[in-house]
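What follows is a set of notes on a single structure, which appears directly below.
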Amino acid sequence: MHISFLLHNAYGVGGTIRTTFNLAGALAGHHDIEIVSVFRHRDVPALGAPEGVRMSHLVDLRKKSPTYDGDAAEYARPATVFPRGDSRYRQYSRLSDARVADHLRSLEADVVVGTRPGLNVHISRQARRGPVRIGQEHLTLDSHSYRLRREIAHRYPLLDAITTVTEADARAYRTGFKLPGVRIEAIANSVPEPSVPPADGDRKWVIAAGRLHKVKRYDLLVRAFADVVAVRPDWRLRIYGGGDATGNERAALLALIEELGLHNHVFLMGPVNPLEAEWPKGSIAAVTSDRESFGMTIVEAMRCGLPVVATDCPHGPREIIDDGTDGRLVPVGDTTAVADALLGLIRDDEARHRAGRAALAASQRFDPARIAERHERLFTELASRGPRDRSHGALSTTLHRARGTVLDGAYALRYKAAAVIRKGKTA
Amino acid sequence: MTVSTGRRTPRADCTAGPGGGITFDLDLGRREDEEAPELLLRLRGAKGKGDGDTVRLQLSPLRDGRLRAVLPGTLEPAEGRWDVYLREPGAQDGEAVAVEPGIRDLRLLVDQVPQSGRIAVRIPYPTLDGRLAVRCWLRTPHAEAGPVTFDGHGMTVGGTLYGTGLGAGARVEARAPGADGRVLRVPVTGDGEEGTFAFTLPLDELADGAVTEPRLWTLWLIPGTAEDGPAGGVRISRILDDVWDRKKIFVYPGRSTGEGSRATPCYTTDNDLCVRLEPEPAP
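Sequence order for the protein chains is A and B.
Residue numbering for the first sequence follows my numbering, starting at 1343 and increasing by one per position.
Residue numbering for the second sequence follows my numbering, starting at 14 and increasing by one per position.
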């Protein structure tokens, strides 16, 4: 099969890019795979291009490139196809609208895969009849704005399938919208087997990792660790990850560490990339977030043979961890529960080793080859039906798109009216 | 990992071995009959004249076609930062290219317990501009700092002394910067069998009048025995793990020293323990 991925920017760093590269690389052994990046701002992909995959771009943002598009007049005009509700809206333009449209209308592929809501909308509106239309959701439905969810409800009926990274999110799509004939399937993210041997389970360190952001609730972990140290001062905690632009979480955590007198036990290690050699320096991993769209670090830790103590938060952890077997699930925001779960694994060497071995075995299901097989099965099944037998024959596509145009006009009118009213008020 | 003979930057995975050795596995393919390149370790800041400024490591092909070099635990490169280069056969040393860091498996460096009093530490690390380097320390004797605790104005440091014992005149000196800087001396206690030591520094005695700019007091252990080691004492550092620069990782609370100044224990980028004395930040 010829499978064509449509990615926001294949040249940057991020979870969606990494996941798409893993999948494209795993499929490339048996299929003709291309990744089309809407934007390109550097010559070489920061994450390294996957082997055997063709890469191309639609809008060139390399200032020194002879085909630089940043000066085009259309580049300065706001997008009309790419939906406003998508958080990347401001990076899109009339130019990207046109380039993506040209690409999709001429695309000779068996399957076209969108990797974020705005691009899924493009595919739904502009892909020519023929290729199977897949929309991937790498975040979660409930993380999107009301405006984007409305756009999804309106546009996604013309997709053949939507894939989410958790069952919980697939349920949200199934129950939240009327999407007759659209396959909605949960396929987890993949994590490759680490190139380093697994942890031996005897090192007295707890490891956590992820950018320092409030939603990760490292404050909860640090407080819980104070309870751990009170009983087992021989154990220590390393938190890997850099601060981000949303606030000064690092300073807040340092203040908390000082307040609790944990400066000999809790260390903020800063950003480390790649992380895979850091997990085996510890024997237990901890993830205490209020929410996770998937829970990539849980899988990464398990693939290194660490049992994970995680909050039972939406959406991913409970679909990854088998509580009591290969890790522990604790209530969200409960310091004592986190401390108790950690101490349970700290006190019982045999239980810790057993859980670590179970984590190593269970996490094999996230191997890129096995995850790619699930995508492949979905693509093959839908492609074998042919466009006429899928839900969206020519007639329904034309009808839906025509209705869409009328509605677009109505929406546009409403926004214009709203803008006039706003301007009127501020004038 | 992909194997390629292209012109892109070579990348090395590093593994710390049980005997202090470091293994470098390069993602470069070579056939058995081809001449292998050489790995060069160059001491940063060296004048480039002495033989001790460059370490040459032979690269041999592994079964999977990758190339491996080993920095043996018995070799003792000078203390400092060593940049890693790859020299192709026939090329001059000056044409050697920098190597990128790959996966660094340094788990054996964490919480290591030295087997002898002769301390040789080497930690492969990524430089700020993304190259591979090796941080080396050579210390005999060596004073390894451990936990830092506070009680009122007192800062107590526990640690382990390697390569010598504590004599009758054992003490710790806090030295203010500058040739004629003040020196604060405090007694050090220890357990001869375990090699552990501990001392308490009264932080409020560091301030001598108004503090107008930050000053870094260095900490030295004077064993006070016949085989003292360095005449000026042993610099108190923390080097027995995988952290090549703990300045921003081992962060300690500060204590007010009165008179509008504040004292905070800290590590330098060379992992030496210090006390930073600075004006109290405005509330």
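The C-beta atom is built at its ideal place from N, Cα and C for all residues, glycine as well.
Just so you know, these numbers come straight off a predicted model, no measurement behind them.
N- and C-terminal bounds of the alpha helix (DSSP H) containing residue i
i, result
"I262 of chain B", "Run containing I262 of chain B: none; DSSP gives neither H nor E here."
"Q1478 of chain A", "Careful: Q1478 of chain A lies outside any alpha helix (DSSP H), inside the beta strand (DSSP E) at 1474-1478."
"L1598 of chain A", "1591-1601"
"I1529 of chain A", "I1529 of chain A -> no alpha helix (DSSP H), and no H or E assigned at all."
"D217 of chain B", "No alpha helix (DSSP H) holds D217 of chain B; DSSP gives it neither H nor E."
"T1630 of chain A", "No alpha helix (DSSP H) contains T1630 of chain A, which DSSP labels as neither H nor E."
"Q1468 of chain A", "1459-1468"
"L52 of chain B", "Run containing L52 of chain B: none in the alpha helix (DSSP H); it sits in the beta strand (DSSP E), 51-56."
Option nearest residue i by Cα separation, candidates the options
i, options, result
"Q105 of chain B", "B:V185, B:L53, B:I132", "B:L53"
"L1400 of chain A", "A:D1502, A:V1455, A:S1379, A:T1409", "A:S1379"
"R1578 of chain A", "A:K1520, A:G1589, A:D1428, A:A1566", "A:A1566"
"E1718 of chain A", "A:L1349, A:G1367, A:Y1353", "A:G1367"
"A1700 of chain A", "A:V1650, A:G1658, A:E1715", "A:V1650"
"L1599 of chain A", "A:K1623, A:D1569, A:E1620", "A small correction: the amino acid at residue 1599 of chain A is Ile; Leu does not occupy that position in the sequence shown. Of the candidates A:K1623, A:D1569, A:E1620, the one whose C-alpha sits nearest the C-alpha of I1599 of chain A is A:D1569."
"L1365 of chain A", "A:P1392, A:A1352, A:F1381", "A:P1392"
"T140 of chain B", "B:R94, B:G130, B:L151", "B:R94"
"R1694 of chain A", "A:T1506, A:G1354, A:A1541, A:L1563", "A:A1541"
"S1631 of chain A", "A:T1482, A:D1561, A:S1487", "A:D1561"
"R144 of chain B", "B:L151, B:R135, B:P160, B:E113", "B:E113"
"L1595 of chain A", "A:D1664, A:P1656, A:L1610", "A:L1610"
"E51 of chain B", "B:T87, B:Y98, B:G178, B:G30", "B:Y98"
"T22 of chain B", "B:G115, B:L219, B:D77", "B:G115"
"V1548 of chain A", "A:G1472, A:A1370, A:I1581, A:I1713", "A:I1581"
"E1416 of chain A", "A:A1440, A:V1573, A:E1715, A:S1346", "A:A1440"
"I252 of chain B", "B:G78, B:V134, B:G34, B:D118", "B:V134"
"T1422 of chain A", "A:D1428, A:A1414, A:R1436", "A:R1436"
"D221 of chain B", "B:T209, B:F212, B:L214, B:R195", "B:R195"
"E45 of chain B", "B:S269, B:D26, B:R79", "B:R79"
"A1296 of chain A", "A:P1656, A:I1375, A:G1356", "Because chain A here runs from 1343 to 1769, residue 1296 of chain A falls outside it and cannot be looked at."
"G1552 of chain A", "A:A1388, A:Y1410, A:G1357", "A:G1357"
Bounding residues of the beta strand (DSSP E) (the contiguous stretch that carries residue i)
i, result
"V1680 of chain A", "V1680 of chain A -> not in any beta strand (DSSP E); alpha helix (DSSP H) instead, spanning 1677-1689."
"I1581 of chain A", "1578-1582"
"M1335 of chain A", "Within the shown structure, residues of chain A are numbered from 1343 to 1769, placing residue 1335 of chain A beyond reach of any answer."
"Y175 of chain B", "167-175"
"S1 of chain B", "Residue coverage of chain B in this structure runs from 14 to 296, which leaves residue 1 of chain B outside it and unanswerable."
"D1561 of chain A", "Run containing D1561 of chain A: none in the beta strand (DSSP E); it sits in the alpha helix (DSSP H), 1560-1573."
"F1363 of chain A", "Unbroken run through F1363 of chain A is the alpha helix (DSSP H), 1357-1369; no beta strand (DSSP E)."
"R358 of chain B", "Here chain B covers residues 14 to 296 and nothing more, so residue 358 of chain B does not appear."
"E89 of chain B", "Careful: E89 of chain B lies outside any beta strand (DSSP E) and carries neither H nor E."
"P114 of chain B", "113-118"
"H1399 of chain A", "1396-1402"
"R1670 of chain A", "1669-1672"
"L1437 of chain A", "Counting along the chain, L1437 of chain A falls outside any beta strand (DSSP E), though it belongs to the alpha helix (DSSP H) covering 1436-1448."
"H155 of chain B", "155-164"
"G1612 of chain A", "1608-1612"
"P1622 of chain A", "Element bounds for P1622 of chain A: n/a, residue is neither H nor E."
"V1641 of chain A", "Looking at the DSSP string, V1641 of chain A is not in any beta strand (DSSP E); the run it does join, the alpha helix (DSSP H), is 1638-1645."
"P1659 of chain A", "Premise fails: P1659 of chain A lies in the alpha helix (DSSP H), 1659-1662, not in any beta strand (DSSP E)."
Chain B residues whose Cβ lies nearer than 7 Å to that of residue i
i, result
"N1606 of chain A", "P160, V161"
"V1538 of chain A", "I116, D118"
"T1600 of chain A", "Here residue 1600 of chain A is Glu; the residue named in the question, Thr, does not match the sequence. Within chain B, the residues near E1600 of chain A are P266."
"L1596 of chain A", "V264"
Chain B contact residues for residue i, given Cβ-Cβ distances below 9 Å
i, result
"R1545 of chain A", "R120, V123, D124"
"F1567 of chain A", "What F1567 of chain A touches in chain B: nothing, since even the nearest Cβ is about 16 Å away."
"F1609 of chain A", "V256, R259, I262, F263, V264"
Given a limit of 8 Å on CB to CB distance, which residues of the segment 259-274 of chain B reach chain A? K261, I262, F263, V264, Y265, P266
Taking a cut of 7 Å between CB atoms, which residues from the segment 1612-1633 of chain A lie near chain B? Cβ proximity to chain B below 7 Å picks out G1612, P1616, E1618, A1619, P1622, K1623 from the segment 1612-1633 of chain A.
At a CB distance below 9 Å, what residues from the segment 1415-1448 of chain A approach chain B? Give them in sequence order. So nothing in the stretch comes that close.
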